[in-house]
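Once you know that position 140 of the sequence shown is 140 in UniProt numbering, the rest is easy, because the numbers rise by one and skip nothing. Read through the structure below, which is laid out as structure tokens, and then see the notes.
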Amino acid sequence: MIPLIQNFKTFVLADGDFPCHAIPCAFLKNADRIICCDGATEKLLHFGMNPDYIVGDLDSISNELKTRFSPILFPYPDQETNDLTKSIHFCIEHGWTEITILGATGKREDHTMGNLALLTDYAESTQVQLLTDYGVFVPQLKSSVYESYAGQQVSIFSLTASTLFTTRNLVYPIENRVLTSWWQGTLNESLAGCFTVETTGGKSLVFREYQKY
């Protein structure tokens, strides 16, 4: 079963909106290592923490910070990938394959959609989760069972046109169905302490909201 939040100790901080919710902030404070995507460095400093590594094309970080953190700068000039992907590749090169991503949503919506879609690519060589201020996205490449709670809001997004979905323990069941558009698997709700998303392969994303207390 996939926990609501997996206790991964490697964090990649992207240059979107810095998290405000207590849950992602608490996990960030317990990170073993933090890899900042270029311009996210300044946001982490405002949060009161220092990066362990700074990765990217380094076009959105000040000269002052470049000088200050020169020993931990790792420039990746490749323009075929974004800074988030460069940071994930950096983690893989160092053998850190259990990764939590923060700061990958907010600001420009096209960046958000691109970052979410990339999760399924990262999942081919890592275990990865993306935390927002509202919940957690995880990529799914095979049938999976998810930790949950009754009333939890759940959304499923298909990134592969031919994938068949079947769900268990959701208010609005899906039975051997192709999701032909992103909206079709959204705004569902869990009925119990876990739910199942069965697939015939392909790539998909599952979103679960944080529990409200």
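Positions of the beta carbon are idealized from the N, C-alpha and C atoms, including for glycine.
Can you tell me whether lysine 142 is buried or exposed, with buried defined as 16 or more other CB within 10 angstroms of its CB? exposed
CB-CB length for glutamate 189 against valine 154, believed under 8 Å: 6 Å
Bridge partners for tyrosine 146 per DSSP, in chain order? Ile2, Phe195
Closer than 8 Å by C-beta to phenylalanine 47: which residues in its own chain qualify, once you throw out the five before and the five after it? Chain order, please. Phe18, Cys25, Leu28
Pick helix, strand or coil for phenylalanine 18, following the three-state DSSP scheme. coil
Name the two residues that bound the continuous alpha helix (DSSP H) containing glycine 114. 109-122
Span of the alpha helix (DSSP H), counted from its first residue to its last, around threonine 67: 63-68
Can cysteine 91 and threonine 10 be called in contact, C-beta distance under 9 Å? yes
Along the chain, where does the beta strand (DSSP E) containing serine 181 start, and where does it finish? Serine 181 -> no beta strand (DSSP E), and no H or E assigned at all.
Taking only three categories from DSSP, how would you classify glutamate 209? strand
Where tyrosine 172 falls, given that 16 or more other Cβ within 10 Å makes a residue buried: exposed
At what residues does the alpha helix (DSSP H) containing phenylalanine 47 begin and finish? 40-47
Assign proline 51 to one of two classes, buried (16 or more other C-beta atoms within 10 Å of its C-beta) or exposed (fewer than that). buried
Grouping DSSP H, G and I as helix and E and B as strand, with all else coil, what is phenylalanine 11? strand
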